[in-house]
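**Q** One structure follows; several queries about it will come next.
There are 2 protein chains.
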Amino acid sequence: MKRKITLKDIAKELEVSISTVSKSLKDSPEIGEDTREKVKAFAALYNYKPNNIAISLKNRRTKNIALIIPEIVNDFFGEVIGGVEQVANEKGYNVIVCLSNESFDKEVVNIDTLAHGGQVDGFIISLSKETMLRQDYNHLIEVENQGMPLVMLDRVTEQVLCDKVIVDDARGSYNAVSHLIEQGCKKIALITTVDYISVGHLRTQGYIKALGDHGLELDPSLIVRIDGIAGCEDPIKKLVENQDIDGVFAVNELFAVTAMKAVQNHGKKVPQDVAIIGFSDGKLLKHATPAVSTVSQHGEEMGRVAVKMLLKRLQSDKEEESFSTRVIKTSLIKRESSGS
Amino acid sequence: MKRKITLKDIAKELEVSISTVSKSLKDSPEIGEDTREKVKAFAALYNYKPNNIAISLKNRRTKNIALIIPEIVNDFFGEVIGGVEQVANEKGYNVIVCLSNESFDKEVVNIDTLAHGGQVDGFIISLSKETMLRQDYNHLIEVENQGMPLVMLDRVTEQVLCDKVIVDDARGSYNAVSHLIEQGCKKIALITTVDYISVGHLRTQGYIKALGDHGLELDPSLIVRIDGIAGCEDPIKKLVENQDIDGVFAVNELFAVTAMKAVQNHGKKVPQDVAIIGFSDGKLLKHATPAVSTVSQHGEEMGRVAVKMLLKRLQSDKEEESFSTRVIKTSLIKRESSGS
DNA sequence: TGTTAACACGAAACCGTTATAGTTTGTCTA
DNA sequence: TAGACAAACTATAACGGTTTCGTGTTAACA
Numbered sequence: 003m004k005r006k007i008t009l010k011d012i013a014k015e016l017e018v019s020i021s022t023v024s025k026s027l028k029d030s031p032e033i034g035e036d037t038r039e040k041v042k043a044f045a046a047l048y049n050y051k052p053n054n055i056a057i058s059l060k061n062r063r064t065k066n067i068a069l070i071i072p073e074i075v076n077d078f079f080g081e082v083i084g085g086v087e088q089v090a091n092e093k094g095y096n097v098i099v100c101l102s103n104e105s106f107d108k109e110v111v112n113i114d115t116l117a118h119g120g121q122v123d124g125f126i127i128s129l130s131k132e133t134m135l136r137q138d139y140n141h142l143i144e145v146e147n148q149g150m151p152l153v154m155l156d157r158v159t160e161q162v163l164c165d166k167v168i169v170d171d172a173r174g175s176y177n178a179v180s181h182l183i184e185q186g187c188k189k190i191a192l193i194t195t196v197d198y199i200s201v202g203h204l205r206t207q208g209y210i211k212a213l214g215d216h217g218l219e220l221d222p223s224l225i226v227r228i229d230g231i232a233g234c235e236d237p238i239k240k241l242v243e244n245q246d247i248d249g250v251f252a253v254n255e256l257f258a259v260t261a262m263k264a265v266q267n268h269g270k271k272v273p274q275d276v277a278i279i280g281f282s283d284g285k286l287l288k289h290a291t292p293a294v295s296t297v298s299q300h301g302e303e304m305g306r307v308a309v310k311m312l313l314k315r316l317q318s319d320k321e322e323e324s325f326s327t328r329v330i331k332t333s334l335i336k337r338e339s340s341g342s
Numbered sequence: 003m004k005r006k007i008t009l010k011d012i013a014k015e016l017e018v019s020i021s022t023v024s025k026s027l028k029d030s031p032e033i034g035e036d037t038r039e040k041v042k043a044f045a046a047l048y049n050y051k052p053n054n055i056a057i058s059l060k061n062r063r064t065k066n067i068a069l070i071i072p073e074i075v076n077d078f079f080g081e082v083i084g085g086v087e088q089v090a091n092e093k094g095y096n097v098i099v100c101l102s103n104e105s106f107d108k109e110v111v112n113i114d115t116l117a118h119g120g121q122v123d124g125f126i127i128s129l130s131k132e133t134m135l136r137q138d139y140n141h142l143i144e145v146e147n148q149g150m151p152l153v154m155l156d157r158v159t160e161q162v163l164c165d166k167v168i169v170d171d172a173r174g175s176y177n178a179v180s181h182l183i184e185q186g187c188k189k190i191a192l193i194t195t196v197d198y199i200s201v202g203h204l205r206t207q208g209y210i211k212a213l214g215d216h217g218l219e220l221d222p223s224l225i226v227r228i229d230g231i232a233g234c235e236d237p238i239k240k241l242v243e244n245q246d247i248d249g250v251f252a253v254n255e256l257f258a259v260t261a262m263k264a265v266q267n268h269g270k271k272v273p274q275d276v277a278i279i280g281f282s283d284g285k286l287l288k289h290a291t292p293a294v295s296t297v298s299q300h301g302e303e304m305g306r307v308a309v310k311m312l313l314k315r316l317q318s319d320k321e322e323e324s325f326s327t328r329v330i331k332t333s334l335i336k337r338e339s340s341g342s
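First to last, the protein sequences are chains A and B. 342 is the number that this note's numbering gives the last residue of the first sequence; the numbers go up by one with no jumps. 342 is the number that this note's numbering gives the last residue of the second sequence; the numbers go up by one with no jumps.
See the structure below:
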């Protein structure tokens, strides 16, 4: 590795002190104009860039932020990354992306390493499934105790006090289900996740409330709770074949598209026989045939907001204040799968 | 920000020197066993972790690598990130993900900042479209000149000498098209990108060769070249409606699924009337109805291989040697869209 | 009893910057 | 012509580690 040019190199070459070089480059009035110009010209010529590692050490901040997400092959998190990266870069921050792969252990290791190692100034995190199941948030609380800012995104918990960015899951699904009802659906199935996942739980509540408000009865046999992503086909197929349904609300992309496939394979038409609506606006729903209506959570926007909250904390010296939770509005994207 | 505990703190507390603490924690035989144990116990108690920034400064290496990709809302790059992250983490490296958003300028800025700022030890990059169009690779050549290892992935150029990881695009599409021909297709359309994109060009070549080898004539009116992602619907629709085709080979997910939609909307059945095959194995194809056959490029594997090549360079002190290009085999995933 | 080597530890330099506190000059003033 | 003061630099001490080179103590040996 060829060594990069340093202040010392410039100083030696121009026969001035390191301080002079440093100050010249920062346009300090302490240094005479001619010296200043000379140094700057030389630096530009040799393409000098200050060593950020040294600066980090000096300033005790790295200008790096960590983004910890459960998985990446999911359009929602993809969008989040995009949003985070965009704003962070604008503000001169780098983003270190870490995948927990839905594993508690990996989440803990990632956070501990980055936090104690002093590699990042703050965290944006979306909890892994395992973490939510265990309800063990000590690693996060410790981060907070260290005085490192932490922003939780989408998959959050009230057991950690920090800034949060979420969508109004309950209202989003309320709207989705209401939409189905307005389209004439009477027997609407819900395909959701197990309850310990915050968003799954809230979306289920929205479904229940929408039915109630529109005078429809809640039929538990129309609700399927799915744990993993892996084996979702079977229960969905069973639901579609055994229940007489005319609408489906699925809490994520995959469930929605899988349900549509099951419906079509079962010889029914979407949306004529069964209307379908999903949650999260990825490519999967957009490019399905027919295109699937959905509740958009605006992942990019969420990412952008999360960074902004984080940077605000990083840039204000006064600690504490109170924490806030930003709720990003969802919007209903009506496509072919839920009627005209 | 509460200050993290340092060697100095431990030293003061235990009334030994900083060196003693440092050596104890590294299990140096220079230090007596009891002192060593005492220090280690104390460090463990206070959860001491060395400051990686300081270590980076001292060692002149950061244990960070940069991964620069054109976009993220694309399953292929999502998989690549996964693979890179996995191996990198195993080896104690962090991954800084940067998006060029297909922009030359952003690619250059990202690379310059990270390279000169000394934030990373090496790069893995997939070129932006704009970069390939302009054929300006000076930013990459400069990285190389600095002695920083660079691995190019998927979208590469021969104009930069470095390690590369690619798939055999030509062979992959040759196989795909041959498969269609074996299924009885005679008039196979090609939906591809403009030629300056290395992979688009190669995939087109594979198509042409497959036709030739099977005695089919090349009909230029069956080839559609699409520039952006945005307006791909129209030309595809036109192709489907105006040409009498019985097969489609699309060089990416989106084109494939858009073509399928056009075919179905045009009143034809997939695969009975028109067989379809795509490239890259994302969710879009897997969960379409019918599921679309494709050429898998094994993105995760490519990511893994790329990091390994990078780390090998980083860990060997001897420079130069020769560069190698690893070709990852594609595999044909036969699904419903191309017949039984 | 003096020499020496092993042992256990400390001092100091260094990585590249920045910030603070000097130190030279030269000029102007009283 | 000494004294004050500004201008233009330089020296130094951090930041938090690692590492090389001492150094003082003790024990073994001739």
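Glycine residues also receive a C-beta, built at the ideal position from the N, C-alpha and C atoms. Computed from a prediction, not measured in an experiment: that's the story for all the values here.
With 7 angstroms as the C-beta to C-beta threshold (strictly closer), list the residues of the region 114-136 of chain B near chain A in chain order.
**A** HIS118, GLY119, GLY120 and GLN121
**Q** Could you list which residues in chain A have their beta carbon closer than 9 angstroms to that of THR291(B), in chain order?
**A** Here residue 291(B) refers to the residue found at position 289 of the second sequence. Correct list: VAL259, MET262, LYS263, GLN266, ASN267, ALA290 and THR291.
**Q** Taking only three categories from DSSP, how would you classify ARG5(A)?
**A** The residue given as residue 5(A) occupies position 3 in the first sequence. DSSP places ARG5(A) in coil when its eight states are reduced to three.
**Q** In chain order, which alpha helix (DSSP H) runs of at least 4 residues are fully inside the region 235-320 of chain A?
**A** 235-244, 255-267, 285-288 and 301-317
**Q** Assign LYS4(A) to one of two classes, buried (16 or more other C-beta atoms within 10 Å of its C-beta) or exposed (fewer than that).
**A** Taking the first sequence and counting its residues from 1, one reaches residue 4(A) at position 2. Looking at its Cβ environment, which holds fewer than 16 other Cβ atoms inside 10 Å, LYS4(A) is exposed.
**Q** Are the region 271-280 of chain A and the region 48-63 of chain A touching, with three or more C-beta to C-beta distances below 8 angstroms?
**A** no
**Q** Compute the Euclidean distance between the alpha carbons of GLU144(B) and VAL162(B), then round it to the nearest angstrom.
**A** Position 142 of the second sequence, counted from the first residue, corresponds to residue 144(B). Position 160 of the second sequence, counted from the first residue, corresponds to residue 162(B). Their backbone Cα atoms lie some 10 angstroms apart in a straight line.
**Q** Residues in its own chain within less than 6 angstroms of TYR95(B) by CB, not counting five upstream and five downstream?
**A** Walking along the second sequence from the start, residue 95(B) turns up at place 93. Hits under 6 angstroms: LYS65 and ILE67.
**Q** Using a threshold of 8 angstroms, state whether the C-beta atoms of LEU377(B) and ILE190(B) are closer than that.
**A** This structure leaves residue 377(B) out entirely; chain B is present only between 3 and 342.
**Q** Closer than 9 angstroms, Cβ to any Cβ of chain B: which residues of the region 43-58 of chain A, in chain order?
**A** ASN49, TYR50, LYS51, PRO52, ASN53, ASN54, ILE55, ALA56, ILE57 and SER58
**Q** Label LYS285(A) either buried or exposed according to how many other C-beta atoms from any shown protein chain fall within 10 Å of its C-beta, with 16 as the threshold for buried.
**A** By one-based count along the first sequence, residue 285(A) stands at place 283. By the 10 Å Cβ count, LYS285(A) comes out buried.
**Q** Using CA coordinates, which residue listed in GLY124(B), LYS188(B), GLY84(B) and GLY149(B) is at the minimum distance from ASP221(B)?
**A** Translated into positions along the second sequence, residue 221(B) becomes position 219. Among GLY124(B), LYS188(B), GLY84(B) and GLY149(B), the Cα nearest to that of ASP221(B) is on LYS188(B).
**Q** For the alpha helix (DSSP H) containing LYS25(B), list its first residue and its last residue.
**A** For the purposes of this step, residue 25(B) is taken as residue 23 along the second sequence, with counting starting at 1. Its alpha helix (DSSP H) spans residues 20-27.
**Q** Which of the three DSSP states is assigned to MET150(B) in this structure?
**A** For the purposes of this step, residue 150(B) is taken as residue 148 along the second sequence, with counting starting at 1. Note: MET150(B) maps to coil in three-state DSSP.
**Q** Buried or exposed: which applies to HIS289(A), given that a residue is buried once 16 or more other Cβ atoms fall within 10 Å of its Cβ?
**A** Position 287 of the first sequence holds residue 289(A). Per the 10 Å Cβ criterion, buried.
**Q** How is the beta strand (DSSP E) around ILE190(A) delimited, first residue to last?
**A** The residue you call residue 190(A) lines up with position 188 of the first sequence. ILE190(A) -> beta strand (DSSP E) spans 190-195.
**Q** Please return the same chain residues whose Cβ sits closer than 8 angstroms to the Cβ of ALA293(B), not counting the five positions on each side in sequence.
**A** Translated into positions along the second sequence, residue 293(B) becomes position 291. Taken in chain order, the residues that qualify are LEU287, ARG337, GLU338 and SER339.
**Q** Is the region 292-310 of chain B touching the region 46-55 of chain B in the sense that three or more CB pairs, one from each, lie closer than 8 angstroms?
**A** no
**Q** With a 10 Å radius around its C-beta and 16 neighbouring C-beta atoms as the bar for buried, classify LYS271(B) as buried or exposed.
**A** The sequence position of residue 271(B) within the second sequence is 269, counting from 1. LYS271(B) is exposed by the Cβ-count criterion.
**Q** Mind pulling the chain B residues with CB within less than 9 angstroms of VAL153(A)?
**A** Indexing the first sequence from 1 puts residue 153(A) at position 151. Within chain B, no residue comes near VAL153(A); the closest Cβ sits about 16 angstroms away, beyond 9 angstroms.
**Q** DSSP three-state label for THR327(B), please.
**A** The residue given as residue 327(B) occupies position 325 in the second sequence. Looking at THR327(B) - three-state DSSP - the assignment turns out to be strand.
**Q** To the nearest whole angstrom, what separates the beta carbons of GLY208(B) and VAL179(B), a pair I think is in contact under 8 angstroms?
**A** As a position in the second sequence, residue 208(B) is number 206, starting the count at 1. As a position in the second sequence, residue 179(B) is number 177, starting the count at 1. Their Cβ separation, rounded to whole angstroms, is 7 angstroms, which keeps GLY208(B) and VAL179(B) in contact under 8 angstroms.
**Q** Out of VAL86(B), THR8(B) and SER130(B), which one is the CA nearest neighbour of GLU104(B)?
**A** In the second sequence, counting from the first residue as 1, residue 104(B) sits at position 102. Here the closest residue by C-alpha is SER130(B).
**Q** Between the alpha carbons of THR159(A) and SER200(A), how many angstroms are there, rounded?
**A** The residue given as residue 159(A) occupies position 157 in the first sequence. The residue given as residue 200(A) occupies position 198 in the first sequence. Near 7 angstroms, if we compare the C-alpha coordinates of SER200(A) and THR159(A).
**Q** With a threshold of 8 angstroms, are at least 3 pairs of Cβ atoms found where one atom belongs to the region 119-128 of chain B and the other to the region 140-156 of chain B?
**A** Flag = yes, the region 119-128 of chain B and the region 140-156 of chain B touch.
**Q** Anything in the region 82-101 of chain B with a Cβ closer than 9 angstroms to a Cβ of chain A? List those residues in chain order, please.
**A** ILE83, GLY84, GLU87, GLN88, ASN91, GLY94, ASN96, VAL97, ILE98, VAL99, CYS100 and LEU101
**Q** Mind listing, in chain order, the continuous alpha helix (DSSP H) runs of no fewer than 4 residues lying wholly within the region 37-111 of chain A?
**A** 54-61 and 77-92
**Q** Do we get a CB-CB distance below 8 angstroms when we pair GLN148(A) with the residues of chain B?
**A** In the first sequence, residue 148(A) corresponds to position 146, counting from 1. Yes, contact with chain B.
**Q** Compare the beta carbon distance of GLN266(B) and SER282(B) with 8 angstroms and say whether it is the shorter of the two.
**A** Mapped onto the second sequence, residue 266(B) falls at position 264. Mapped onto the second sequence, residue 282(B) falls at position 280. No. Outside cutoff.
**Q** Note down, in chain order, each residue of its chain lying with its Cβ closer than 8 angstroms to the Cβ of GLU15(A), except the 5 sequence neighbours on either side.
**A** Counting from one through the first sequence, the residue named residue 15(A) turns up at place 13. Cβ within range, chain order: PHE44.
**Q** Between LYS189(B) and chain A, is the shortest Cβ-Cβ distance under 8 angstroms, so that the two count as touching?
**A** Translated into the one-based positions of the second sequence, residue 189(B) becomes position 187. Not an interface residue.
**Q** Helix, strand or coil: which one does DSSP assign to ILE136(B)?
**A** The residue labelled residue 136(B) in the question sits at position 134 within the second sequence. According to the sequence as given, residue 136(B) is Arg; it is not Ile. Looking at ARG136(B) - three-state DSSP - the assignment turns out to be helix.
**Q** Work out the CA separation of LYS40(B) and ILE74(A) for me, nearest whole Å.
**A** For the purposes of this step, residue 74(A) is taken as residue 72 along the first sequence, with counting starting at 1. For the purposes of this step, residue 40(B) is taken as residue 38 along the second sequence, with counting starting at 1. Going by the C-alpha atoms only, they are around 43 angstroms apart.
**Q** Assuming contact is defined by CB atoms lying nearer than 8 angstroms, are LEU155(B) and ILE127(B) in contact in what I supplied?
**A** Along the second sequence, read from residue 1 onward, the residue named residue 155(B) stands at position 153. Along the second sequence, read from residue 1 onward, the residue named residue 127(B) stands at position 125. In this structure, ILE127(B) lies closer than 8 angstroms to LEU155(B) by Cβ.
**Q** If you follow the alpha helix (DSSP H) that ILE210(A) is in, where does it begin and where does it stop?
**A** For the purposes of this step, residue 210(A) is identified with residue 208 of the first sequence, where counting begins at 1. Element bounds for ILE210(A): 200-215.
**Q** Using a Cβ-Cβ cut-off of less than 9 angstroms, give me the residues of the region 219-249 of chain B that come near chain A, in sequence order.
**A** none
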